[in-house]
Structures are given as C-alpha cells and as structure tokens.
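Below: the structure, in structure tokens.
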Amino acid sequence: DPDSDKKDGGGVRAEDVPASGPGTFTVARAGVDAKGRGSAYRVEVEDGTGVDPDRAAEEIAAVLAHPRGWSHGGEHTFRQVADGPAGLVIKIATPATTDRICGAYGLKTRGEVNCRGGEKVMVNLKRW
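Those letters in the sequence shown? Residues 1 to 128, per full-length UniProt numbering, in order.
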C-alpha cells in the first residue's frame, strides 16, 4: 500500500511536507461535545498540506483527553468548537507559516518546531 507510511491524523509523509503554504486554514467540524463543559478549542489545518482537518481533530481530541496529558487525570476537560470563542486555537501548518505566526510572538521556530503564542498553538507539519 503506497499510503502505509502516512500518519493517522490525515497524514502526509515526512518527505512530502511542503516548506510553505498559502497561510489560509480550514476549520475542523465541531466535536460531539461542542456544547458541553470544559475549555473550548478549535482545530485548523493549513490548506494544501494534505492533512484532513477532521481526522486531525480526532487525534488531537484523544491527546487532550489522555489521563497523563493535559486533562490532568480527568480534572480538566476540553470541548472542540468550530466557531466562536476558543481558549486554544490549534493550527497545523507548514514550516514557513509556523515560523511567520510564531515570529509574531517573538519566537524563532526555524522551520523545525512548534510554539504557542497567546491562544494559538502552532503545530509544525514536520512534527505532526
């Protein structure tokens, strides 16, 4: 299968990661718990990356809900929204777009790493 080395979250092979993209994003559909309690977050994926926003959102939801992760053993919950206020906006983007957005917060990612600036959590496509 030619896609066997793709990642689950909508997948792009490491060698296929584009260096830059248009800087525009597609928002993932809201999760089933969008109206519930918990900290609101939104998932956005840069257009042209080959990553499916909804599949990426499913993977992110699993990470946020993991007992050893940000949920602190279930003490904190998250709910995915597609619009409206969100305390976290998780953006999966190309290295150049990540550098540009992180740079606006004075952070140097050098096309390699993730960052957080304000409510934006930038996930470099190289790290996805």
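We put the beta carbon where it would ideally sit given N, CA and C, even for glycine. Here the structure is a predicted model, which is why all the values come from computation and not from measurement.
- For A93, the enclosing beta strand (DSSP E) begins and ends at L88 to A93.
- The way I'd put it, the segment 85-100 does touch the segment 110-121; three or more beta-carbon pairs between them come closer than 8 Å.
- The beta carbon of G38 sits closer than 8 Å to the beta carbons of H76, T77, F78 and R79 from its chain, once the five residues preceding and following it are set aside; these are given in chain order.
- The segment 19-29 makes contact with the segment 42-56: 3 or more CB pairs, one atom from each, lie closer than 8 Å.
- In this structure, DSSP gives A40 an extended state, which the three-state scheme calls strand.
- Closest option to R55, judged by alpha-carbon separation, among V12, A40 and G84: V12.
- Here the alpha carbons of G21 and C102 stand approximately 15 Å from one another.
- Within the DSSP secondary-structure output, V121 pairs in a beta bridge with I90 and R116.
- In this structure, DSSP gives E46 an extended state, which the three-state scheme calls strand.
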